[in-house]
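Per the numbering used here: the sequence shown = residues 10 to 103.
Ideal placement from N, C-alpha and C gives every residue a C-beta, glycine not left out.
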Amino acid sequence: YNIEMLEAVDIRIGDSQQSVQERLGSPSMVSAFSPTSQGQSWYYVSKKTSTTSFHLPDTLDQQVLAIDFDSQGMVQNIRKCQGETVIKPVKNTT
Numbered sequence: 010y011n012i013e014m015l016e017a018v019d020i021r022i023g024d025s026q027q028s029v030q031e032r033l034g035s036p037s038m039v040s041a042f043s044p045t046s047q048g049q050s051w052y053y054v055s056k057k058t059s060t061t062s063f064h065l066p067d068t069l070d071q072q073v074l075a076i077d078f079d080s081q082g083m084v085q086n087i088r089k090c091q092g093e094t095v096i097k098p099v100k101n102t103t
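Written out as structure tokens, the structure reads:
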């Protein structure tokens, strides 16, 4: 995804999942767990990388557009994040 294209699309609180998908296409990722407690979150990721021979790609820029939906599939919240985020697993046992 190109984040400039994502920012140009007018997504508003109350839009449906269907209208978001029609405008932005399928998300890069869909949450298994959501901050909205009942709905899903869709993530659209834009990433620019640079590769040098025989090395892993370096991330030059990464932006994420996160759209949270309620249990009826309506947009509840829109978040934008920039840069990579390192997620540390929780080591608690059950």
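Handout entry: Three-way DSSP call (helix, strand, coil) for V4 in this model
Key = Examination of residue 4 is not possible in this model, given that the chain is present from 10 through 103 alone.
Problem - Residues near T60 by beta carbon distance below 6 Å, same chain, minus five either side - result: In the sequence shown, the residue the question calls residue 60 occupies position 51. Scanning its chain for C-beta atoms nearer than 6 Å, with the 5 sequence neighbours on each side dropped, one finds around T60 the residues P66, in chain order.
Practice task
For Q26, name the three-state secondary structure that DSSP assigns.
Solution key: Position 17 of the sequence shown, counted from the start, is the residue given in the question as residue 26. If DSSP states are grouped into helix, strand and coil, Q26 belongs with the helices.
Handout entry: Proximity test, Cβ basis, 8 Å: S80 and chain B
Key = Looking for chain B here will not work: only one protein chain is present.
Exercise for the section: Have a look at A41 and V54 and give me their C-alpha separation to the nearest angstrom. Expected result: By 1-based counting over the sequence shown, the position of residue 41 is 32. By 1-based counting over the sequence shown, the position of residue 54 is 45. Rounded to the nearest angstrom, the two C-alpha atoms are 17 Å apart.
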